[in-house]
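Protein chains in written order, with the numbering used here: chain E, 2 to 301; chain P, 772 to 1283; chain G, 22 to 374; chain L, 26 to 350.
In what follows, a structure is listed as structure tokens, so that the remarks can point back to it.
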Amino acid sequence: MSVLTNPQLWASTLAMTVPLALPAIGGTFSERAGVVNIAMEGIMLMGAFFGVAFSYWTGSAWLGLVFGVLMGGLLAAVFAWAAIRLAADQVVLGMAVNIFASGLTAFLLNTLFGYEGTPPDTPPLPFVSLPWLGPVFSHQSVLLYVMFAIVALSHWFLFHTRIGLRIRAVGENPLAADTAGLNVWRLRYAGVIVGGMLSALGGVYLSIGILNSFDVGMTNGRGFIALAAMIFGKWTPVGSFLASLLFGFSTALGIALQGQGVSPDLLSMIPYVLTILALTGLVGRSTPPAADGIPYTPIR
Amino acid sequence: MSSFLEVVDVHKYFPGVKANDGVNLDVRAGEVHAVLGENGAGKSTLMKLISGLYQPDAGEIRLEGRPVRFGSPRNAIRAGIGMVHQHFMLIPALTVADNIVLGDEPGGIRYKRRTAAAQVRALSQKYRLEVDPLARVEQLSVGLQQRVEILKVLYRRARLLILDEPTAVLTPQEAEELFQVLRHLKAQGTPVLFISHKLDEVRAVADRITVMRAGRTVATVPAADASPQELANLMVGREVVLRVNKPPRTPGDVVLSVRNLSVTDAERRLRVRDVSFEVRAGEILGIAGVDGNGQTELADAIAGLLPASGGQVAFLSQDITRLPPGERTRRGIAYVPQDRQRDGLVLDFTLVENAMLRDVSHPPFSRRGILQHRPARAYTERLLEAFDVRPRDPDRHAGDLSGGNQQKMILAREVSRDPSLLIAVQPTRGLDVGAIEGIHRQLLRLREAGKAILLVSLELDEILSLSDRIAVMHHGQVVDIVPAETATREQIGLLMTGTRVGESEVAQPSNR
Amino acid sequence: MTPVLATALAILIGAAIAYILGFDPFVAYGALLTGAFGNTMAISSTLAGAVPLALAGLGVSVAFRAGLFNIGAEGQYWIGVIAAVWFGYHLTGWPGWLHTLVCVVAAAVAGGLWGGLIPGLAKAYRGAHEVITTMMMSYIAIYFGQYLIAAGGPMHAPGYNAQSYPIRQDAWLTVLVPPQLTTAVFFALGTAVAVWWVMFHTTVGFRLRTVGANARAARYAGILVPAYTVLALGLSGLLAGLAGGVQVLALDHRLMWGFNTGYGYTAIVVALLARNHPFGVLLAAVFFSALSTGGQNMQMVSQLPSSLTDVLTGLIVFFVAAERMVPLAIAWYRRRRGVRVQVAAAGEGGREA
Amino acid sequence: ANKAGTTENAAGGAPKVNFKVGLVTDSGGLNDHGFNHLSDVGLEKAKQELGVSGSVVESKSESDYVPNLQRFAQQGYNLVIAVGYLMDEAVKQVAPQYPNTKFLIIDDPITDINNVTSAMFKTEQCGYLVGALAGLMEKRSDIQGLNPQNVLGVVGGQKIPPVDSYIAGFLQGVKKTDPDAQVIVKYVNSFNDQAGGSQVAQTEIAGGADIVFQVAGGSGIGVINAAKSAGVFAIGVDADQNYVAPNTVIVSALKGVDTATYDVIKDTLNNQFKPGVQDFDLANNGVGISKTTSVVPADIVNQVNDLANQIKNGSLTVSDQLPKS
Ligand SMILES: Nc1ncnc2c1ncn2[C@@H]1O[C@H](COP(=O)(O)OP(=O)(O)OP(=O)(O)O)[C@@H](O)[C@H]1O
Ligand SMILES: Nc1ncnc2c1ncn2[C@@H]1O[C@H](COP(=O)(O)OP(=O)(O)OP(=O)(O)O)[C@@H](O)[C@H]1O
Ligand SMILES: [Mg+2]
Ligand SMILES: [Mg+2]
């Protein structure tokens, strides 16, 4: 099929994978530490908005990235505080964060920049061209390569470092981890906040990675798709990435197949149908970390 | 000998419970010190106070004469206190080595997995606590998990070792191995503090014994001077009957017949191989065996929770091999599962709801699919009364009950269903002598009433004193079935290791 | 934290934001309140908006009770709308009440099959996580609806707009209090009572709750867990589908582009905030609807962007979840005061130290 | 501090008159980069220049339309503007109850209520003009930045009539000036997915498109962005979008929702409210095209102006229907 040999299909696939894989890995960090995180959508919006805002205010996209990620981390920290310290229901909190962030970013956009949107002269992050890798890599955001590094690093971090082992331990059995001398709360904070920063980076990618503007609700549900990718990927960074890749691919495929008489609405279903088929056909059961979503409040 | 650890008038309160209400304890360097007490006496709470998981509300803990205050287990570990908890503190999804080194892993940023495995292997060889460092803990039997817990403490070179009911899940042989380790540690000057309900082993291993009752320490006595009867009375505060008497009975018709049954578990490992036996009305068939030799899977398969991969199960002369668990229940099979918190009860439900768990579609719980709250409540109240479940409040959540009372609740529910067959797996695990006495009496009453009982237990004494016949399992197979009145501990213990004594010996039990 | 206190705290923060940006918070909040409850029209609108939230929220709560997270109520709602509209304009010559009934039942059944049969079976027999499947099915439903009404689509009505034929008027729900409170409100009330009764007074409800509370114990209790998984997701989807059907019979009477208005997502928050209790769901639905209707009045009167109500909503939900803030704050205050008292005592007597 | 608010009184504006205008957006809100936003622009202009007072409310869901319209009417607003066909039923329900209030609905033909006027836009006409312009550009070989392939791109938001009428016009325009050109038409299937818009545009650009026409609301900002970073040209929609990327957006197809709103406010203020459907087209400057950038040669501009005149005088008609595929 000529569609499949078109390099643009694969370039699009990669470009669409980044804003799913980053929050999916972010969610993985949080849930591996035992905190259910459905707030990726909201945290992405924070990252996206403040990425643009600071890029515009400071004139540097890199500073925009830093502040976008920090603001996402800040929101994640507040979420973490309520989830960990106050043992609040994590699903409710996640929804609260999503509503709050979508409201706040829209509100700030309108009051700070007006209804026209963010200024068009906002500097974006650079694109990187690696033509020797083929046309697929001829025009991709620098964050694509950052994402590749993050996939590898996250895998290494979670499964090959001492902190990674400890984070997984508190997500599986916090009481046992506590009796083994670990600081359960601190590890959980770390997981949630690092995860939040990765989600925010996904938002930054959307706003100043491939574009240079913010729009209300511009994440367009990607935080929730990332949630699905995380589960699909069985709570591992590499799995999350592969699931995101499948999703990115089928989205790109849907775009590529348009214009040949089939309704674009029907073609838009491809990613969702494929995901269900893959899930029921090949992947099957995925089991979350045993203590995922269960607050740990030591009696002392 | 100087005191290594002193506990002075310590108090710890939970909402509505004085778990420790004036506890004094003194553990000397190089001694094995046992703590005895009924369920709920406050033993585990005391140990958690010492190991930093809890902090005392009043009182003082001194280590080598200096007062200490541990804000978290981390501090206690640093001070050299190692604890093996009654409920295992293991992470099933991680490997043995991961579990053991957790919190003190070899490596810098990177976790040196291979070094960890090597260290664990060396350690397990040194103490002869064989276990595969690379196995996942969830795949291990309870006995092996116990070893991992002990290795965890040894790995940290604890200066004081605390074991909360370590032998509850061990065979006599395994227990003896553990005692060897304890003696070894003692010889090196490491004091050991350990909790048990088993009077014999306490007397055999401990130097001194402290008895707790209702949150207080009532006495500390040298082990050599204490008789079992004396200790039991101290614990319970009244006279206890230690021996059950089992009137002889002629068994009736075959109730359960198992033919060539094979069972694979959820991970598709063959756990029961070609097992055949019968249980008759009015008979208790005891199943003895080292933990993890297929007993639980056998019980689950008869109850319908695991599918049979081969063979046949017949109940009251009807083939039930393919029936779903609900249907078996309906036909009269009662089941006390091993894991009461995970399988037997819904901890978030009230006692009424737990009472109706197995029979919700029948009166008195429901009529035509509609729940009958008032009759159900009345029924539950009677149940709590009859089986002395405390607190006697049907609206309490099952999770609020102590382990012993949870077990009583399950037994109450299962027994009052008036089943033809009761399968009971470790019905007295972790219970105190008083509670054990009650449950044994219930089992014998059922036997008296002509029910068939399949009793799976790791306690040889329990098997020996209650059973009419004893089937011994090893590696998924029934090695032998022997009549109880002639069986001895040694004989059963040997069979449990898979060693079959010469046919003749087993065949001529009447010589004894 | 009690919802009242949470709301108060959120409102305080919202007032601060408004004030900083140069708006008068009193005017704004006054408008919010009168917009939601100030007159018959406001109350009528608030209650009308609460109906779909309540029905879909009940659906989400049923799944939660069985330990399942139905994140796809939005799509089930959408499918309910489609089914109701299809029967709504295809059937002719039926008595009005029967026509309505057919549409409602069709919506419920369609939602149930969409949310229950496919994700339920996938979960029960393939172990596919319901969060993924319900969400994917939700997107598919939304695109399917768009396809149906797009130019050339099977339900597209001729004309300039992307919309379906309208439901025949005889099947519309009757308006009780103008402008738009219809008999739909009885569906919400009746369904809440029915859900409450089924969950707490029938064996089926008991089994559903058992599966949710402890699936292993449920198996031990003889419950066919896979069957009840399908049942729970089916009921959940059924109620979300019902929400769509009832809403379209009450309000728009046709399928239009832009119909997916997020009820299914708000329903999740409604269910969570109500702690999955049916009557709590009713209250929470009214609360969220009031915030939304009132928020628009607030924008009208004070020109504060209505996105501020989303900020407020997020804060309220957050504070409700973070109920332990209050005891924690009290304990912290006591400790601080305690320390100060001790220090004072030490200063006076000098002996305590 | 309040850029977005619409309450500010124009410092140097017209004297205040006692005339209140209420604007109800559909669920797309004021950030839609489309008709809701433009309507607000028109209202703002009326406030500045005519001295009317105005208030905006953004609807969240379909159950909000009726109460929002009704509130304005109840509070004695003189004119209530409903943006979008989604409010069709709501206007039909509310308007008859408030005969003293005038209503304007955008993009939806309501005929027989005498206090309702409908503004309909012949966007196929401006679509035609930018299509013709693109075709003419594409045929030329002397324009910097165009590739030799004869391919154009269109990115739609969703496949709905207000989008497709633009696209229909565009296709006819291209056919007129560059019959051999291949036009790739794809949809983002969302109006607020900039990243998606950017990907769809990139796919078309990779397929050879060097002028991309976006009809995709917020997603269209992503389209323009993609064109900009690929170094090709884009055509804006609804408003003059040159400001988004001055060197990329060579022209925009204008839908005069802002002028229509302003005009209806002005007419109503002057007691010249006309009920029924008002068509806004090239002839009455209801639709049009923006000033082109210097990339577009003057002769092309002239040819396009000729075509515009033909449409205005009726000698050329443009269909709002896509060709059957
Ligand atoms: N975390 C807790 N919260 C509330 N009550 C508790 C808690 N832990 C223990 N208790 C109560 O404190 C009392 C002492 O419990 P503890 O676990 O110390 O008993 P134990 O002597 O170890 O009993 P067992 O032999 O059954 O293990 C019991 O009444 C128990 O119900
Ligand atoms: N164990 C079970 N698992 C799943 N569904 C069940 C189970 N038992 C019954 N049901 C379903 O619940 C419905 C009502 O249950 P009910 O218990 O009243 O029927 P029943 O099981 O046939 O009655 P009985 O237990 O008296 O034989 C039945 O129609 C059946 O479909
Ligand atoms: Mg204990
Ligand atoms: Mg039944």
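All C-beta atoms, glycine included, are put in the ideal place defined by N, C-alpha and C.
Taking 8 Å as the upper bound for CB-CB distance, I880(P) and T288(E) are not in contact here, some 28 Å apart. Inter-residue distance for Y146(G) and P247(G) is about 7 Å (C-alpha atoms, whole angstroms). The alpha-carbon separation between I44(E) and L94(E) amounts to approximately 12 Å.
Assigned with DSSP and collapsed to three states, E936(P) falls in coil, not helix or strand. Within the chosen limit of 8 Å, ligand 1 does not reach the beta carbon of K1179(P) with any heavy atom. L21(E) and V141(L) have their alpha carbons spaced roughly 47 Å apart. As a beta-bridge residue in DSSP terms, T1121(P) pairs with H1168(P). Here the alpha carbon of S327(G) sits roughly 7 Å from the alpha carbon of E83(L). In this structure, DSSP gives L129(L) an extended state, which the three-state scheme calls strand.
The beta-bridge partner set that DSSP reports for N846(P) is empty. Bounds of any beta strand (DSSP E) do not take in P204(L), whose DSSP letter is neither H nor E.
Distance between P73(G) and I85(E), taken at the CA atoms: about 33 Å.
Taking every protein chain shown into account, the CB of T342(L) has fewer than 16 other CB atoms within 10 angstroms, so this residue is exposed. Neighbours of T1100(P) across chain G, judged by C-beta separation under 7 Å: G243. One Cα belongs to M854(P), the other to D1203(P), and the distance between them is close to 21 Å.
Within the chosen limit of 8 Å, ligand 1 does not reach the beta carbon of M220(G) with any heavy atom. Inclusion of D292(L) and S277(L) in the CB contact set at 9 Å is not warranted, their separation being larger than that value. Using a CB distance cut-off of 9 Å, I275(L) does not count as an interface residue toward chain E. Membership of R979(P) in the beta strand (DSSP E) is indicated by the continuous run 979-984. Here F138(E) is not bridged, per DSSP, to any residue. Within the model, the alpha-carbon separation for S56(E) versus A308(L) is close to 44 Å. Counting along the chain, I1058(P) sits inside the beta strand (DSSP E) bounded by residues 1055-1059.
Taking F158(E) as reference, the option from G182(E), I39(E), G196(E), P127(E) with the minimal CA-CA separation is G196(E). Taking 9 Å as the cut-off, the Cβ atoms of L861(P) and A291(E) do not count as close. Distance from the CA of G842(P) to the CA of D179(E), rounded to the nearest whole angstrom, comes to 12 Å. If one requires a minimum length of 3 residues, the beta strand (DSSP E) runs lying completely within the region 1141-1215 of chain P are 1192-1196, in chain order. For I1234(P), the secondary structure class from DSSP, reduced to helix, strand or coil, is helix.
Across the set A242(G), H274(G), V291(G), F300(G), the C-alpha of A242(G) shows the shortest separation from the C-alpha of R1129(P). For F965(P), the shortest C-beta to heavy atom distance toward ligand 1 is 8 Å or greater.
Residue environment: N272(L) is assigned as exposed (fewer than 16 neighbouring CB atoms within 10 Å of its CB, all protein chains considered). Within a 10 Å sphere around the beta-carbon of I871(P) sit 16 or more other beta-carbons, which makes this residue buried.
Cα atoms of D191(G) and F208(G): separation of roughly 18 Å, rounded to the nearest angstrom.
Counting along the chain, the unbroken alpha helix (DSSP H) around R189(E) starts and ends at 185-205. Beyond the five residues adjoining it in sequence on each side, Q183(L) comes within less than 8 Å, by CB distance, of Y212, V213, N214, S215, F216 in the same chain, given in chain order. About 15 Å separates the CB atoms of V1123(P) and A1157(P); that is not less than 8 Å, and the two are not in contact. When the beta-carbon positions are compared, V53(E) and T112(E) stay at least 9 Å from each other.
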